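Since the structure comes first, as structure tokens, the remarks are kept for the end.
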Amino acid sequence: MSTENEGAVPSEAKPPAGPQPDSASASGARSPGGPPPAASPAAPPPPDFAPTVASSPGGAGSDDPGRMPPYSAGNPPQHGFGHPGDEPTTDQTAQFPPYGTAAHGAPGAGGGAGGWGGPPYGGGGGDPWGLTENPAPKRRNGGLIAAVLAAALVFGGVGGGVGFWLAGRSDDASTTVSAPGDAGALNRKPTSVSGIAQKALPSVVTIEAQGAGGEGGTGTGFIYDKQGHILTNNHVVASAADGGKLTATFSNGKKYDAEVVGHAQGYDVAVIKLKNASDAPLNPLPLGKSSHVQVGDATIAIGAPFGLSGTVTTGIISAKDRPVASSDGGGASASYMSALQTDASINPGNSGGPLMDAAGNVIGINSAIQSAGNGGSLGGESQQSGSIGLGFAIPIDQAKRVAQDLIKTGKPVYPQIGVQVGMRDTGNGATIAQTGNNGTDAVSPNGPAAKAGLKPGDMITKLDNTVIDSGPTLISEIWQHKPGDEITLTYKRGGKEHTTRVTLGQRTGDK
Numbered sequence: 360m361s362t363e364n365e366g367a368v369p370s371e372a373k374p375p376a377g378p379q380p381d382s383a384s385a386s387g388a389r390s391p392g393g394p395p396p397a398a399s400p401a402a403p404p405p406p407d408f409a410p411t412v413a414s415s416p417g418g419a420g421s422d423d424p425g426r427m428p429p430y431s432a433g434n435p436p437q438h439g440f441g442h443p444g445d446e447p448t449t450d451q452t453a454q455f456p457p458y459g460t461a462a463h464g465a466p467g468a469g470g471g472a473g474g475w476g477g478p479p480y481g482g483g484g485g486d487p488w489g490l491t492e493n494p495a496p497k498r499r500n501g502g503l504i505a506a507v508l509a510a511a512l513v514f515g516g517v518g519g520g521v522g523f524w525l526a527g528r529s530d531d532a533s534t535t536v537s538a539p540g541d542a543g544a545l546n547r548k549p550t551s552v553s554g555i556a557q558k559a560l561p562s563v564v565t566i567e568a569q570g571a572g573g574e575g576g577t578g579t580g581f582i583y584d585k586q587g588h589i590l591t592n593n594h595v596v597a598s599a600a601d602g603g604k605l606t607a608t609f610s611n612g613k614k615y616d617a618e619v620v621g622h623a624q625g626y627d628v629a630v631i632k633l634k635n636a637s638d639a640p641l642n643p644l645p646l647g648k649s650s651h652v653q654v655g656d657a658t659i660a661i662g663a664p665f666g667l668s669g670t671v672t673t674g675i676i677s678a679k680d681r682p683v684a685s686s687d688g689g690g691a692s693a694s695y696m697s698a699l700q701t702d703a704s705i706n707p708g709n710s711g712g713p714l715m716d717a718a719g720n721v722i723g724i725n726s727a728i729q730s731a732g733n734g735g736s737l738g739g740e741s742q743q744s745g746s747i748g749l750g751f752a753i754p755i756d757q758a759k760r761v762a763q764d765l766i767k768t769g770k771p772v773y774p775q776i777g778v779q780v781g782m783r784d785t786g787n788g789a790t791i792a793q794t795g796n797n798g799t800d801a802v803s804p805n806g807p808a809a810k811a812g813l814k815p816g817d818m819i820t821k822l823d824n825t826v827i828d829s830g831p832t833l834i835s836e837i838w839q840h841k842p843g844d845e846i847t848l849t850y851k852r853g854g855k856e857h858t859t860r861v862t863l864g865q866r867t868g869d870k
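Note that our numbering has the sequence shown beginning at 360, numbered continuously upward.
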């Protein structure tokens, strides 16, 4: 949120202390753990106060492990959630870790994913998507590959010897048994993973972004409409937004130049459009309703992890309304989302790709991951951390609204309440600062919050029925709404609890 209204502006940013574990999720349920640990190397924690509930996000430090950066084989940034090196100013939004359940505390599915008819996830006894297949061995290093090859040769020799001995002992002519003509042909229903993937893959593109200075990387996007608009993450295309180059490659190998229509740093949503694409296969993916998603629902993610285009992975919705603050790895900006959490494998390069439900509808845009560290490289590439089963997606209900604004005006619109709140995770609520950044008012005069009677020092503990445990949670929840919506805020003042109605204002643009 901006210095005027997004949540909190640091008055005087103090050297941040590490975030403390908290047990409240954005949905109001108390969770057993604290925020997921930051990726190594640890980044400094958030300051006492950071930009307002509408402050314009700036850029993030290049070493910030916040959200999944576009994959770059040359000099990839690190991953995980953490904080930027730069302290936020009135024009910047500080980086903060995701708030909610600790990495080990994600809720389980309990039973099979809805609509797929398989056994419970992790319960064994078959694939929950209806098909079983032996996984291919992971390629870790040359030694492992050599050992596997040697074992294959040994077993091959034994098999050959046994075959010769049996053949020598047989008095009958060698015979073969042929399987029926249709044997091995699987009945792949349109609603199976295979059926959904085959339909969706032609509508998913691999995006290559290159800035004027040569920096850039690879991400993912998907067809939004028949006019050639593609929905993706801001951090995938931000480097090419001003004088850079964008290309989008379809699953059939055809590549098209593209341009940025609009991008929203705070929401981490961007829209690009293909150029000279009259022959492009523009088949928009159907958009679902993220508000209808339930924990345990099956998910499918498509993207280009580590540059591997057309990769399909599956999982479930592990949690809803997970407050996540992440950075784009390019400056000091932060994005806030009340995210869908999934255990589908999501890695660098998946950013901007679709997260789909069991019917093949897009329910989110894959945006961020929690990483255990920066150690495990893939295929000899630079050390970029990969999936540990904690991926986060922007709910499509929010992304669709943002996309419509970007296509219409080229600029995002942010709802705001006009206060500056503390960004430290105390687990108690979002406290309005006593003074704003650089001596400004912590409560904007004549702003929505001021009109509702809120004052500096008030601690906001609920937005409607959602528990607010921190500044980032307040921001992410406000951004789920539209300007003009009326919300109920519960707050504490002088030890007493009060409620008030607030009509959300708005800010247009990121700066």
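Positions of the beta carbon are idealized from the N, C-alpha and C atoms, including for glycine.
The structure displayed is predicted, hence computed values, not measured ones.
| Query | Result |
| --- | --- |
| C-beta contact flag for Ile776 and Ala801 at 8 Å | no |
| Ala663 beta carbon less than 8 Å from that of Thr670 | yes |
| Beta-carbon spacing of Gly712, Asn725 below 8 Å | yes |
| Neighbourhood of Val772 by C-beta, 7 Å cutoff - its chain only, sequence neighbours within 5 removed | Asp764, Pro842, Gln865 and Thr867 |
| Inter-stretch contact (C-beta, 8 Å, three-pair minimum) for the stretch 749–762 and the stretch 623–637 | yes |
| Pro713: CB within 7 Å of a non-hydrogen atom of the ligand HEM | The ligand HEM is absent from the structure shown, which contains no ligand whatsoever. |
| Stretch-stretch touch, CB-based, cutoff 8 Å, three pairs: the stretch 828–839 with the stretch 580–599 | no |
| Cβ neighbour criterion (16 or more within 10 Å) applied to Arg499 | For Arg499, the predicted structure reports a pLDDT of 44, less than 50, and the residue's modelled location is therefore unreliable. The matter cannot be settled from this model. |
| Per-residue DSSP class, three states only, for Ser697 | strand |
| Cβ-Cβ separation, Ala727 to Ala660 (assumed contact under 8 Å), whole Å | So it is not a contact: roughly 13 Å between Cβ atoms. |
| Three-state class that DSSP yields for Gly723 in the structure shown | strand |
| Contiguous beta strand (DSSP E) assignments of at least 3 residues, all confined to the stretch 595–680 | 604–608, 614–623, 628–633 and 657–662 |
| Proximity below 8 Å, CB of Asn709 to CB of Thr858 | no |
| Spatial neighbours of Gly575 in its chain, beta-carbon cut-off 6 Å, leaving aside the 5 residues before and after | Ala568, Gln569 and Ser598 |
| Residue environment, Gly798, which counts as buried when at least 16 other CB atoms sit within 10 Å | exposed |
| Ala544 classed as buried or exposed, judged by whether at least 16 other C-beta atoms fall within 10 angstroms | exposed |
| Given Gly655 as reference, the closest of Leu646, Lys648, Leu699 and Val619 once Cα atoms are compared | Leu699 |
| Separation of Gln779 from Thr577, as counted between CA atoms | 35 Å |
| Member of Gly788, Arg852 and Ile819 whose CA lies at the smallest distance from the CA of Asp828 | Gly788 |
| Buried versus exposed call for Arg681 [16 or more other C-beta atoms within 10 Å across all chains shown] | buried |
| Per DSSP, the bridge partner or partners of Met818 | Thr790 and Lys851 |
| Proximal residues to Lys558 (C-beta, below 8 Å), its chain only, five neighbours per side dropped | Pro549 and Gly719 |
| Residue environment, Lys632, which counts as buried when at least 16 other CB atoms sit within 10 Å | buried |
| Burial state of Asp869 (16 or more Cβ within 10 Å) | buried |
| Neighbour-count burial assignment, Lys821, 16 or more Cβ in a 10 Å radius | buried |
| Beta-carbon contacts of Val563 that lie in its chain and below 6 Å, excluding the five residues immediately before and after | Phe581 and Ile661 |
| Residue range of the unbroken beta strand (DSSP E) whose run includes Arg547 | Where Arg547 is concerned, there is no enclosing beta strand (DSSP E), given that its DSSP letter is neither H nor E. |
| Identified DSSP bridge partners for Thr825 | Leu822 |
| Assigned secondary structure, Gln451 (DSSP; H/G/I helix, E/B strand, else coil) | With a pLDDT of 32 at Gln451, under the threshold of 50, the predicted position of this residue should be treated as unreliable, though the coordinate-derived value follows. Coil, per DSSP. |
| Status (buried if at least 16 other CB within 10 Å, exposed otherwise) for Ser637 | exposed |
| Straight-line Cα distance separating Lys855 from Met715 | 44 Å |
| Residue interval of the alpha helix (DSSP H) (run including Leu833) | Gly830 to Ile837 |
| Which of helix, strand or coil DSSP assigns to Gln569 | strand |
| Cut-off 7 Å between Cβ atoms - residues of its own chain near Ser650, not counting five sequence neighbours on either side | Asp756 |
| Reduced DSSP secondary structure (H/G/I, E/B, other) of Ser421 | For Ser421, the predicted model reports a pLDDT of 35, less than 50, meaning its position is unreliable; a value from the coordinates is still stated below. If DSSP states are grouped into helix, strand and coil, Ser421 belongs with coil. |
| Arg760 in three-state terms, based on DSSP | helix |
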